[in-house]
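In our numbering, the protein residues as written are 228 to 712.
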Ligand SMILES: Cc1cc2nc3c(=O)[nH]c(=O)nc-3n(C[C@H](O)[C@H](O)[C@H](O)COP(=O)(O)O)c2cc1C
Ligand SMILES: [Mn+2]
């Protein structure tokens with residue numbers, strides 16, 4: 228499963244009965260969003276709209292909207308294959324002897340295969356538009372009070388002016404007119420950092436935006452990778468082969484060869500900011516109007532037979548639940564590399580992921596739960612977490628029945644609540660001031676004597692094994708309906 232185009236993936240989904248082709252003409256203004264929202268809430272199929280009112284291009288939405296499709300998009304049958312492989316890679320000891328070195332070779336080859344490769348000719352440049360007109364694309368207006376139409380799954384490619392290092396981030400783009408959009412890179416994101424650096428240098432920023440292509444690429448643009456890690460390298464690692472890149476036609480950037488559409492252009496940091504929003508956001512609320520830079524599109528290229536890839540965000544759960552789930556699973560081994568005491572991690576989609584994080588840890592010293600909260604508040608986009616709940620290693624963090632039982636029983640509010648202040652997500656509307664607010668941690672682990680708990684911690688209820696066995700043997704004779712054992 229190594230996708231070379233979005234269409235190839237769509238064909239695969241068709242074989243698997245995981246996509247519905249809609250022939251009826253539908254309006255990209257609100258109608259597609261309403262249809263997609265209903266399907267997303269039911270974890271239904273991907274939707275391919277053949278006729279979008281006002282555009283010659285077909286549109287696909289809810290591509291990632293199930294566990295299976297998310298796994299396939301990343302080239303595997305089961306998403307869990309990725310953290311397993313990552314864990315192996317990360318826990319590989321530096322080789323000491325000859326045999327160890329030999330054993331390392333396949334792992335190094337795996338990494339080498341992941342490096343992006345430049346090609347001379349690419350599908351994404353098969354057609355070059357004579358004139359830029361964003362109005363031709365089937366861009367959605369998602370919610371009634373939205374400020375306009377938004378490109379919701381763009382891979383925004385920029386380069387660090389000092390190091391030349393590439394970044395790919397998924398930042399929505401509101402169409403302003405035929406040739407310009409707003410660029411919604413939030414204050415903490417790498418795109419925004421590049422913007423401020425170019426502003427200091429008084430230079431325009433070359434920007435390229437890719438839409439569609441190999442479905443693994445769009446995922447990696449959403450992944451909270453460290454600034455220095457190239458999203459396309461990470462995609463190559465996930466796919467097991469290099470992402471093919473081609474030089475953009477008019478800007479000094481490379482773009483993924485497999486993309487369906489490429490928008491090339493620039494942002495001028497000297498230019499006035501534009502009003503971006505309102506936008507019905509993934510928080511489930513409207514994000515109000517805020518100033519963001521204007522992106523000038525100077526060239527559009529496309530495949531011969533392109534599909535416009537998009538999504539709609541809103542009150543969870545939506546399609547992005549599965550993009551977030553992929554991140555939760557893929558980043559667990561990375562968290563564990565630094566903090567091996569972390570057993571598992573759950574970011575409930577209802578909490579828009581970063582608002583709540585439930586962690587199980589193998590506690591080995593007093594105050595360990597607090598240490599892990601503070602560590603993760605200092606780790607990349609985990610800083611946005613408004614509430615950490617830390618439980619012991621034997622609690623299944625994905626089982627909310629167990630989590631609620633353990634947490635509500637185990638905590639003493641005064642002792643177990645940690646309150647801190649610091650940066651919060653750009654979209655957080657609860658903080659008294661934008662960007663800074665408070666966060667809490669709940670230590671729901673068993674308390675130790677050294678933590679000031681001098682009473683006897685109660686034991687878990689566990690039935691004895693011999694009784695369990697006896698009842699299992701008896702069960703068929705009991706005539707109790709509804710349970711096999
Ligand atoms: C559907 C979707 C839409 C998103 N929209 C935005 C956005 O408009 N602005 C933004 O800064 N981040 C947005 N994000 C989150 C970023 O893509 C994510 O934080 C990513 O890691 C940023 O990459 P960077 O670290 O290279 O900047 C969105 C994520 C998803 C899944
Ligand atoms: Mn990045």
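Beta carbons: idealized from backbone N, C-alpha and C, even for Gly.
Quick caveat: nothing in here was measured; it's all calculated off a predicted structure.
Check	Outcome
For ligand 2, residues whose Cβ lies under 7 Å from any non-hydrogen atom	394, 395, 396, 417, 452, 454, 456, 458
Beta-carbon contacts of residue 234 that lie in its chain and below 7 Å, excluding the five residues immediately before and after	532, 534
Cα-Cα separation, residue 429 to residue 415	21 Å
Integer-rounded CB distance, given that residue 618 should sit under 8 Å from residue 630	7 Å
Environment of residue 644 [buried if 16+ CB atoms lie within 10 Å]	exposed
Closer than 6 Å: residue 547 CB and nearest ligand 1 heavy atom	yes
Close beta carbons around residue 302, own chain, < 8 Å, minus the five adjacent residues each side	228, 229, 230, 443, 465, 466, 467
Selected residue, minimal CA-CA separation from residue 276, among 419, 268, 337, 288	288
Three-state secondary structure assigned by DSSP to residue 523	strand
With 16 other Cβ atoms within 10 Å as the buried cut-off, status of residue 243	exposed
Own chain partners of residue 500 with C-beta closer than 7 Å, once the 5 adjacent residues on each side are dropped	518, 519, 520
Sufficient close CB pairs (3 or more, under 8 Å) joining the region 357-369 to the region 251-267	yes
Buried or exposed by the 16-neighbour rule on C-beta atoms within 10 Å, applied to residue 689	exposed
Best match in 612, 491, 386, 425 for proximity to residue 457 [C-alpha to C-alpha]	386
Assigned exposure category for residue 649 - 16 Cβ within 10 Å defines buried	exposed
Boundaries of the alpha helix (DSSP H) in which residue 442 is found, first to last residue	442-449
Residues near residue 560 by beta carbon distance below 7 Å, same chain, minus five either side	310, 313, 314, 317
Span of the beta strand (DSSP E) around residue 471	471-474
Runs of beta strand (DSSP E) wholly within the region 587-629 (minimum 3 residues, chain order)	614-619
Extent of the continuous alpha helix (DSSP H) to which residue 298 belongs	294-300
Cα-Cα separation between residue 291 and residue 266, rounded to whole angstroms	12 Å
Spatial neighbours of residue 399 in its chain, beta-carbon cut-off 6 Å, leaving aside the 5 residues before and after	377, 379, 411
Residue 507 burial status per 10 Å Cβ neighbour count (16 or more: buried)	buried
Residue 397 beta carbon less than 7 Å from that of residue 449	yes
For residue 283, the three-state DSSP class (helix, strand or coil)	coil
Any non-hydrogen atom of ligand 1 closer than 6 Å to residue 493 Cβ	no
Other residues of its chain near residue 702: CB distance less than 7 Å, five sequence neighbours each side excluded	712
Proximal residues to residue 424 (C-beta, below 8 Å), its chain only, five neighbours per side dropped	387, 388, 389
Ligand 1 heavy atom lying under 6 Å from the CB of residue 673	no
Same chain, Cβ closer than 6 Å to residue 651, five either side skipped, listed in chain order	658, 664
Length-filtered (3 minimum) beta strand (DSSP E) runs lying within the region 457-503	471-474, 481-483, 488-494, 501-503
Burial state of residue 394 (16 or more Cβ within 10 Å)	buried
Residue interval of the alpha helix (DSSP H) (run including residue 262)	258-268
Proximity winner among 527, 297, 375, relative to residue 357 (alpha-carbon distances)	527
Classification of residue 538 by the beta-carbon crowding that lies within 10 angstroms, buried from 16 upward	buried
Per DSSP, the bridge partner or partners of residue 670	617
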